[in-house]
Amino acid sequence: MSKNLAQEYWKKNLKYLVILLSIWFTVSFGFGILLIDELNQIKIGGFKLGFWFAQQGSIYVFVTLIFIYIGLMNKLDKKYHSKK
Amino acid sequence: MNLQIWIWLMIGITFSLYIGIAIWSKAGSTKEFYVAGSGVSPIANGMATAADWMSAASFISMAGLISFMGYDGSVYLMGWTGGYVLLALLLAPYLRKFGKFTVPDFIGDRYYSDTARLVAVFCALIISFTYVAGQMRGVGLVFSRYLEVDINTGVVIGMAIVLFYAVLGGMKGITYTQVAQYCVLIFAFMVPAIFISMQMTGNPIPQLGFGSVGTDGVYLLEKLDGLSRDLGFHEYTTGSKSKLDVFFITAALMIGTAGLPHVIVRFFTVKKVSDARKSAGWALLFIAILYTTAPAIAVFARTNLIETVSEKKYDEMPVWFENWEKTGLLTFTDKNDDGLIQYVADPQLNELTIDRDIMVMANPEIAELPNWVIALLAAGALAAALSTAAGLLLVISSSVSHDLIKKIIKPDVSEKGELIAARVSAFFAVLLAGYFGINPPGFVAAVVALAFGLAAASFFPAIVMGIFYKRMNKEGAISGMITGLLLMLFYMTKFKFGWFGGGSEADWWFGISPEGFGTFAMLINFIVSLIVCHLTKEPSKEVQDLVENIRIPTIENS
Chain D
220 MSKNLAQEYW KKNLKYLVIL LSIWFTVSFG FGILLIDELN QIKIGGFKLG
270 FWFAQQGSIY VFVTLIFIYI GLMNKLDKKY HSKK
Chain A
1285 MNLQIWIWLM IGITFSLYIG IAIWSKAGST KEFYVAGSGV SPIANGMATA
1335 ADWMSAASFI SMAGLISFMG YDGSVYLMGW TGGYVLLALL LAPYLRKFGK
1385 FTVPDFIGDR YYSDTARLVA VFCALIISFT YVAGQMRGVG LVFSRYLEVD
1435 INTGVVIGMA IVLFYAVLGG MKGITYTQVA QYCVLIFAFM VPAIFISMQM
1485 TGNPIPQLGF GSVGTDGVYL LEKLDGLSRD LGFHEYTTGS KSKLDVFFIT
1535 AALMIGTAGL PHVIVRFFTV KKVSDARKSA GWALLFIAIL YTTAPAIAVF
1585 ARTNLIETVS EKKYDEMPVW FENWEKTGLL TFTDKNDDGL IQYVADPQLN
1635 ELTIDRDIMV MANPEIAELP NWVIALLAAG ALAAALSTAA GLLLVISSSV
1685 SHDLIKKIIK PDVSEKGELI AARVSAFFAV LLAGYFGINP PGFVAAVVAL
1735 AFGLAAASFF PAIVMGIFYK RMNKEGAISG MITGLLLMLF YMTKFKFGWF
1785 GGGSEADWWF GISPEGFGTF AMLINFIVSL IVCHLTKEPS KEVQDLVENI
1835 RIPTIENS
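These protein sequences, in sequence, are chains D and A. At position 39 of the first sequence the residue is numbered 258 (the working numbering), and the sequence of numbers has no breaks. At position 221 of the second sequence the residue is numbered 1505 (the working numbering), and the sequence of numbers has no breaks.
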């Protein structure tokens, strides 16, 4: 990969990281901790929403985030590999 | 069939399986010994990572801990899973591209310095030893409860098994036995959970069950909140810790997870960079199955417990109550002589003390499940403890044979010599771990929490900046690691062991508990590294090229 392409690839990667890590932070530290009192006013079935995010929802989102990243990076790898 | 026979049968079958796999996957080279020849498939590696990660503490203690802490227990749930996002996004792919054997390898090469390497080896050894002592103890406990042998005999049996497959098979043997151990432990964890969820809510999926209505038509969580309030405990679904502390503890556990050497090294075992990402995803998926079930078990167990014992006659308690009383983990003192059990928050009036570790183990008995389920649980707990112990022992042995002997003391050692050194150091590591299992330092639990804080405060910043910040040099990284490590050690020993004048909760800096202090020490590490780095000269062109290189994966034959 040429130097320019490599830098472009890296920038794209960083962009993905910022977006995905913001979601990671929001669901766990945001919904599960900082905003819990507000979210606990909402109930879904027997779960208070804030409590659900802290003990269930955040974990589901974590798993999903990694698989989204795998997908994005596989696509990116392919794209830049073909340009080489 | 009686319980004892079932237990011997389950443990006998699973142990022969592990030993069989170990013989089949004997390691022939250092590459096989350290990183399983870098040929493990992402799904297999994901399972092995999950088994490696989920220790006796996750399997036995966590659900019990949550059942007593309620919402506050979320720190473990988020903390011990969220770290995998950091691993998959910030560490694993780049470390795999770098393509050596250990974490100190990366630190030593990236910061072109044997001092950095030594600091890293030192951190890796402290972290792994503190962790492994707890595991051996866990093995001993399970053996003593279920096989009715002495705890020390239990530790020795556990040592013999681990010794056999870790020394013989190295990473290769460990990886494939861990795959088997994952299957055993997850099956053992889920079966009772599904049974109990069915019993209590009619929903076979525990994750949904604990948000459903119970047999009496009331939402389970609402009922538990009510019961907790009535007995003077804090409401189950709201916490008693400060938000700031919950934030810091969660962050310390997440970052600590991403900095633990026995977790990171697992990503060196796959074929290529994209596989490292994939296996982090699989690992978290496999871990999430247990981690999303644990809070459900916590709610079932807590509700069951309160309903069974609270204000009930002591003489009419079921058999399991007496069984666990014998172990001393459950005690009842009738303070007001009314023959009833008062289980309340007020320590003056409370008559029942329950060791939180028994919640998972006693659960099938409380729910009156068949004997084979209890036996399965015993085999699962052993699988969890053994798989983690083996992974840690490997880190210890490779730190000694590879990072110390090969890289620093005797670089001209032959491949064969290094392999012998690796096996010998694994052997001594097992003996030492066994010693700590038999004579546990009185502060095992505190020390395990310390391991996370230390990993967060020392490794994580050095590795992340090593990848994402080309300008970071050895002066910055070394001073950061040392400051973070010392600060964390100082705070832990001050507030946990009373050194440096000790102190109570009121003296905590900014109200941060020692468990959460790793986050603070990590921030200091980052700041010190950045300042020192800008006062000293930037790393050479070769090092900067190395960083550029690990950022871009090589794509073979695709």
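Every residue gets a Cβ at the ideal spot worked out from N, C-alpha and C, and that includes glycine.
Residues that I1638 (chain A) bridges to, as DSSP identifies them: Within the second sequence, residue 1638 (chain A) is the residue found at index 354, counting from 1. Its beta-bridge partners are A:L1614.
Can you give me the Cβ contacts of F1354 (chain A) inside the same chain, cut-off strictly under 6 Å, excluding the 5 residues immediately before and after it? For this step, residue 1354 (chain A) is matched to residue 70 along the second sequence. Per the sequence presented here, residue 1354 (chain A) reads as Gly, with Phe not at that position. Only Y1520 meet the Cβ criterion.
When you compare only the Cα positions, how much space is there between E1432 (chain A) and A1713 (chain A)? As a working note, residue 1432 (chain A) is residue 148 in the second sequence. As a working note, residue 1713 (chain A) is residue 429 in the second sequence. In a straight line, the C-alpha of E1432 (chain A) is about 27 Å away from that of A1713 (chain A).
Name the residue from A:A1536, A:S1526, A:K1315 and A:F1352 whose alpha carbon lies nearest to the alpha carbon of M1362 (chain A). For the purposes of this step, residue 1362 (chain A) is identified with residue 78 of the second sequence, where counting begins at 1. The residue with the shortest Cα to Cα distance from M1362 (chain A) is A:A1536.
Where does T1637 (chain A) land, buried or exposed, given buried means 16+ other C-beta within 10 angstroms? Position 353 of the second sequence, counted from the first residue, corresponds to residue 1637 (chain A). Flag for T1637 (chain A) reads exposed.
If you measure beta-carbon to beta-carbon, which residues of the segment 1559-1580 of chain A are closer than 8 Å to chain D? R1561, K1562, A1564, G1565, L1568, L1569, A1572, Y1575, T1576 and P1579
Go ahead and label S1842 (chain A) buried or exposed: buried means 16 or more other beta carbons lie within 10 angstroms of its beta carbon, across all protein chains shown. Along the second sequence, one-based indexing puts residue 1842 (chain A) at 558. For S1842 (chain A), the predicted structure reports a pLDDT of 38, less than 50, and the residue's modelled location is therefore unreliable. A value from the coordinates is still provided. Its Cβ having fewer than 16 others within 10 Å, S1842 (chain A) is exposed.
Bounding residues of the alpha helix (DSSP H) (the contiguous stretch that carries Q1288 (chain A)): If you number the second sequence from 1, residue 1288 (chain A) lands on position 4. Unbroken alpha helix (DSSP H) run through Q1288 (chain A): L1287 to W1308.
Starting from the beta carbon of N293 (chain D), find every residue of chain A whose beta carbon is closer than 8 Å, and list them in chain order. On the first sequence, position 74 is the one that residue 293 (chain D) refers to. The answer, in chain order, is S1558.
Just checking: is the beta-carbon of S1339 (chain A) within a distance shorter than 8 Å of some beta-carbon in chain D? Stepping through the second sequence from its first residue, residue 1339 (chain A) is reached at position 55. False, the Cβ-Cβ gap to chain D never drops below 8 Å.
Close-in-space but distant-in-sequence residues of the same chain around L1511 (chain A) (CB under 6 Å, 5 per side omitted): One-based indexing of the second sequence puts residue 1511 (chain A) at position 227. For L1511 (chain A), where only same-chain residues beyond five positions count, the Cβ hits under 6 Å are I1590.
Secondary structure at L1544 (chain A), three-state DSSP: helix, strand or coil? Within the second sequence, residue 1544 (chain A) is the residue found at index 260, counting from 1. Three-state DSSP puts L1544 (chain A) in coil, outside helix and strand.
Do we get a CB-CB distance below 8 Å when we pair I261 (chain D) with the residues of chain A? One-based indexing of the first sequence puts residue 261 (chain D) at position 42. With respect to chain A, the C-beta atom of I261 (chain D) has no partner C-beta closer than 8 Å.
Straight-line CA distance for S1412 (chain A) to G1787 (chain A)? As a position in the second sequence, residue 1412 (chain A) is number 128, starting the count at 1. As a position in the second sequence, residue 1787 (chain A) is number 503, starting the count at 1. Cα-Cα distance, rounded: 28 Å.
Given a cut-off of 8 Å on the beta-carbon distance, is the pair P1490 (chain A) and A1472 (chain A) in contact? The residue labelled residue 1490 (chain A) in the question sits at position 206 within the second sequence. The residue labelled residue 1472 (chain A) in the question sits at position 188 within the second sequence. Cβ atoms of P1490 (chain A) and A1472 (chain A): not closer than 8 Å.
Is the Cβ-Cβ distance between A1372 (chain A) and A1564 (chain A) less than 8 Å? Here residue 1372 (chain A) refers to the residue found at position 88 when the second sequence is read from its first residue. Here residue 1564 (chain A) refers to the residue found at position 280 when the second sequence is read from its first residue. A contact, by the Cβ cut-off of 8 Å.
For Q1465 (chain A) and L1227 (chain A), believed in contact at Cβ under 8 Å, the rounded distance: An answer regarding residue 1227 (chain A) cannot be provided, because it is not within the stretch 1285 to 1842 covered by chain A.
Shorter than 8 Å from the beta carbon of G1543 (chain A) to some beta carbon of chain D? For the purposes of this step, residue 1543 (chain A) is taken as the residue at position 259 of the second sequence. So, not an interface residue.
I'd like to know whether the C-beta of T1521 (chain A) is nearer than 8 Å to at least one C-beta of chain D. Residue 1521 (chain A) sits at position 237 when you count from the first residue of the second sequence. Yes, its Cβ sits closer than 8 Å to a Cβ of chain D.
Got a sec: is the Cβ-Cβ distance from L1373 (chain A) to anything in chain C below 8 Å? Protein chains D and A are contained in the structure displayed, whereas chain C is not.
Please state the DSSP three-state secondary structure of K1694 (chain A). Indexing the second sequence from 1 puts residue 1694 (chain A) at position 410. Note: K1694 (chain A) maps to coil in three-state DSSP.
Could you compute how far the alpha carbon of N1487 (chain A) sits from the alpha carbon of G1442 (chain A)? Here residue 1487 (chain A) corresponds to residue number 203 of the second sequence, with the count starting at 1. Here residue 1442 (chain A) corresponds to residue number 158 of the second sequence, with the count starting at 1. One C-alpha to the other measures close to 37 Å.
Would you mind giving the Cβ-Cβ distance between W1843 (chain A) and V1547 (chain A), rounded to the nearest angstrom? I have them listed as a contact below 8 Å. Chain A is shown from 1285 up to 1842; residue 1843 (chain A) falls before or after that span and cannot be answered.
Neighbour list for V237 (chain D) in chain A, Cβ cutoff strictly below 8 Å: On the first sequence, residue 237 (chain D) is found 18 positions in, with the first residue counted as 1. Result: empty, since nearest Cβ-Cβ is about 10 Å, beyond 8 Å.
At 7 Å on the CB atoms, spell out the chain A contacts of K234 (chain D), in chain order. Counting from one through the first sequence, the residue named residue 234 (chain D) turns up at place 15. Those do not exist, as K234 (chain D) stays about 12 Å from chain A at its closest Cβ, beyond 7 Å.
Since P1837 (chain A) and D296 (chain D) should fall inside the 8 Å C-beta cutoff, what is the C-beta to C-beta distance between them, to a whole number of angstroms? On the second sequence, residue 1837 (chain A) is found 553 positions in, with the first residue counted as 1. On the first sequence, residue 296 (chain D) is found 77 positions in, with the first residue counted as 1. Going by Cβ atoms, the distance from P1837 (chain A) to D296 (chain D) rounds to 6 Å, so yes, they are a contact pair.
C-beta atoms of Y288 (chain D) and R1401 (chain A) nearer than 8 Å: For the purposes of this step, residue 288 (chain D) is taken as the residue at position 69 of the first sequence. For the purposes of this step, residue 1401 (chain A) is taken as the residue at position 117 of the second sequence. Result no, Cβ atoms of Y288 (chain D) and R1401 (chain A) do not sit closer than 8 Å.
Measuring only the C-alpha atoms, how far is I255 (chain D) from S1339 (chain A)? Taking the first sequence and counting its residues from 1, the one referred to as residue 255 (chain D) is at position 36. Taking the second sequence and counting its residues from 1, the one referred to as residue 1339 (chain A) is at position 55. If I take the Cα positions, the gap works out to 29 Å.
Sort A:E1789, A:A1710, A:A1805 and A:M1285 by Cα distance to S1526 (chain A) and report the nearest one. Working through the second sequence from its first residue, we reach residue 1526 (chain A) at position 242. Taking only the C-alpha atoms, the option nearest S1526 (chain A) is A:E1789.
By how many angstroms is the C-alpha of D1622 (chain A) removed from the C-alpha of I1571 (chain A)? Position 287 of the second sequence holds residue 1571 (chain A). Position 338 of the second sequence holds residue 1622 (chain A). If you take the alpha carbons of I1571 (chain A) and D1622 (chain A), they lie about 46 Å apart.
Kindly say whether G265 (chain D), judged by its beta-carbon, lies nearer than 8 Å to any beta-carbon of chain A. By 1-based counting over the first sequence, the position of residue 265 (chain D) is 46. Closer than 8 Å to some Cβ of chain A, the Cβ of G265 (chain D) qualifies, so yes.
Expected contact under 8 Å - CB spacing of Y235 (chain D) and L291 (chain D) to nearest Å: Start at 1 with the first residue of the first sequence, and residue 235 (chain D) comes out as number 16. Start at 1 with the first residue of the first sequence, and residue 291 (chain D) comes out as number 72. Right, the Cβ-Cβ distance comes to about 5 Å (below 8 Å), so this counts as a contact.
Separation of K1778 (chain A) from G1438 (chain A), as counted between CA atoms: Here residue 1438 (chain A) refers to the residue found at position 154 of the second sequence. Here residue 1778 (chain A) refers to the residue found at position 494 of the second sequence. For G1438 (chain A) and K1778 (chain A), the distance between alpha carbons rounds to 34 Å.
Assuming the contact rule is C-beta atoms closer than 8 Å, I1642 (chain A) and W1608 (chain A) should be a hit. Round their C-beta distance to whole Å, please. Position 358 of the second sequence holds residue 1642 (chain A). Position 324 of the second sequence holds residue 1608 (chain A). The Cβ separation is near 6 Å, so the contact holds.
Which complete alpha helix (DSSP H) runs does the segment 1780-1829 of chain A hold, if anything under 4 residues is left out? 1801-1819
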